[in-house]
Amino acid sequence: MPITLHNTLTRRSEVFVPADPERVTMYLCGPTVYDYVHIGNARPAVVFDVLSRLLRRHFPKLVYARNITDVDDKINAAAAAAGVPISQITDRFAQAYRQDMAALGVLPPDIEPHVTAHIDEIVEMISKLIEGGHAYEGEGHVLFDVASYEAYGALSGRDPEDMIAGARVEVAPYKKNPADFVLWKPSDASLPGWDSPWGRGRPGWHIECSAMSAAHLGQTIDIHAGGVDLVFPHHENEVAQSTCAHGGRLFARFWLHNGLLNMEGRKMSKSLGNVLVLHELLKMHPPEALRLLLLRGHYRQPLDWSPATIAQAIRTLDGWYGVLRDLADIDPIDSAIPAAVEAALCDDINTPQALAEIAHLADAARKAPIGERPAAKGALLAAGAALGLLEQDPEAWFKRGISEDVDADAVEALLQRRREARDARDWAGADAIRDELSAMGVTIEDGPQGTRWSLAK
């Protein structure tokens, strides 16, 4: 079935047909690694992980790049505050980001370019822009001349003057126009820098993604993705400089943007004090529940975070894993992604509809006659895998978070004593053991398959 995606550039849904079906290319703007990322930063990684899985099922080869920005003024400030080289900051938080993404079930990209490894490509692209009359030097800076690109503003769909009026732009004496943006800036001895035709300096933010994308994916790519907050100025500037550096060639055929994450109806921001750090949330909540929460709304819409939404995600997974636990003795039949789930994902990554279909499959597996259980279980597992869900052992899900304070062997021993008490019709003794387990933070559930236990929530 065809894949349809909403293209920010054309403002409509279009059937996705790659330029080369044998080599599909996708670029996602990754993190600036000066600190741990917040939960909102995880949304594009999770959403476009689902898209990458979908594309790999439909095409022979996907080349997926997600960059690491490892030179930036925020990184410089963090390194200066800690009194260490920038590499010590960037290495630490790049690795933390990879670990946090892995915990969320995000598969690693095919390519993870770092800015500091692409300075030569950045300098070469800037040189081409100067040669083409699209950039100029000023007081050690190199700036892109926005007036030289007539289509500036096409991606965001707004008049350049309106965008500039509504944005914070740096007014500087070396600029021809306040809207012109920095491609290269000077570095003094206290800052990281590289030699260039314009003196020792470092790249501006926007040029980095253009150079890395071209280096690994080519001058025209199939999909460029990121958060809606990047449409202007970052992606708008990427379009301008890439198009001009490559002789007018189209930079990206499809632009995909995910909505922002709100905290109980309010924008998440440091000024409001409501930023939720992902690294800490992963210690507080099951990572798979965080992934489910990030997929429960359509990716193009804002998504609300609250204690209630994460609690609902946990309950949903409790129910689905409960079905799989009850079918633990059933060998599943290998299944293709159920058609209804695949159709939902092909329809502009409609994860809410896909999750609704998984709920139907879980209900069908719960009610399936004995002879139909292998196929029903296989279909449920395949559907979950399409979204990166239901890929752990059900018992591991229910016994998650067990620490040295909860001895699993001791719990099993108490459950055996309780079974013996119940067999002897010693109801008071059985209830006393239940209370002892409850005091340990363990809940038990009696069912047709026996007694199950998990940590109290």
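In terms of our numbering, the numbers along the sequence shown are unbroken and rise by one, the last being 464. C-beta: ideal position from N, C-alpha, C; glycine also. The model shown is predicted, which means the values in this text are computed figures rather than measured ones.
> Is it buried or exposed for P401, if we count other Cβ within 10 angstroms and need 16 for buried?
Replying inline: buried
>> For chain B, check one thing: does any of its Cβ atoms lie closer than 8 Å to the Cβ of A351?
In response: Of the protein chains in the structure, only one exists, and it is not chain B.
> Per DSSP, E398 forms a beta bridge with which residues?
Replying inline: According to DSSP, which records beta bridges pairwise, E398 is partnered with nothing at all.
> Which residue comes first and which comes last in the alpha helix (DSSP H) that contains V57?
Replying inline: 46–65
> Three-state secondary structure (DSSP) at A72?
Replying inline: strand
> For K274, which of helix, strand or coil comes out of DSSP?
Replying inline: strand
>> Between F405, L162, A103, which has its C-alpha nearest T450's C-alpha?
In response: Out of F405, L162, A103, F405 has the C-alpha closest to the C-alpha of T450.
> V418 to R407, Cα distance in whole Å?
Replying inline: 14 Å
> Cβ of F239 within 8 Å of Cβ of D187?
Replying inline: No; because the gap between Cβ atoms is not below 8 Å, this pair is not in contact.
> Helix, strand or coil: which one does DSSP assign to T39?
Replying inline: strand
>> Can you confirm whether the region 269–289 touches the region 320–330 when touching is taken to mean that 3 or more C-beta pairs between the two stretches lie within less than 8 Å?
In response: no
>> Out of I118, M108, Q248, which one is the CA nearest neighbour of A154?
In response: Q248
> What are the residues that DSSP puts in a beta bridge with G208?
Replying inline: P193, W201
> Are P193 and G208 touching if we call contact CB-CB under 8 Å?
Replying inline: yes
>> Run through the DSSP bridge pairs and tell me what I137 is partnered with.
In response: Answer is none; I137 lacks a bridge partner.
> Does the beta-carbon distance from I228 to Y34 come in below 8 Å?
Replying inline: Judged by beta-carbon spacing, Y34 lies within the 8 Å limit of I228, meaning their Cβ atoms are closer than that value.
> Just reading off the alpha helix (DSSP H) that G326 is part of, what are its end residues?
Replying inline: 314–333
>> Pairs of beta-carbons, one from the region 420–439 and one from the region 388–401, closer than 8 Å: are there three or more?
In response: Judged by Cβ distances under 8 Å, the region 420–439 makes no contact with the region 388–401, as fewer than three pairs qualify.
> Out of curiosity, what's the CA-to-CA distance linking G173 and R19?
Replying inline: Low per-residue confidence applies at G173: pLDDT is 49, beneath 50, and the placement is therefore not dependable, though the value from the model is reported in the following sentence. G173 and R19: Cα-Cα distance of roughly 25 Å.
> With 16 other CB atoms within 10 Å as the buried threshold, where does P9 fall?
Replying inline: exposed
> Is S20 helix, strand or coil by DSSP?
Replying inline: strand
>> Taking its Cβ as the centre, do 16 or more other Cβ atoms sit within 10 Å of L12, making it buried, or is it exposed?
In response: L12 should be labelled buried.
>> Quick check on V78: does DSSP put it in helix, strand or coil?
In response: DSSP places V78 in coil when its eight states are reduced to three.
>> Let me confirm a value: I344 is counted as buried when at least 16 other C-beta atoms fall within 10 Å, else exposed. Which label applies?
In response: buried
> I451 by DSSP, collapsed to three states: which one?
Replying inline: strand
> Pairing CB atoms from the region 306–317 with CB atoms from the region 255–269, are three or more of them under 8 Å?
Replying inline: yes
> What residue from D195, I96, W201 has the CA that sits closest to I126's CA?
Replying inline: Comparing Cα-Cα distances from I126 to each of D195, I96, W201, the minimum goes to W201.
>> Is it buried or exposed, V24, if we count other Cβ atoms within 10 angstroms and call 16 or more buried?
In response: Result: exposed.
> Run through DSSP, which three-state label would H231 get?
Replying inline: strand
> Cβ of R298 within 8 Å of Cβ of L444?
Replying inline: Taking 8 Å as the Cβ cut-off, R298 and L444 do not qualify as a contacting pair.
> Under the DSSP definition of a beta bridge, which residues are partnered with A142?
Replying inline: Its beta-bridge partners are F151.
> In chain order, what residues of the same chain lie with their CB nearer than 8 Å to the CB of G391, ignoring the 5 residues before and after it?
Replying inline: Same-chain partners within the cutoff: W327, I365, L397, E398.
>> Give me, in chain order, the residues of the same chain whose beta-carbon lies closer than 7 Å to that of S94; leave out the 5 immediate sequence neighbours on both sides.
In response: none
> So what does DSSP say about D354, is it helix, strand or coil?
Replying inline: Of the three classes helix, strand and coil, the one that applies to D354 here is strand, per DSSP.
>> Can you tell me which residues form a DSSP beta bridge with H13?
In response: S20
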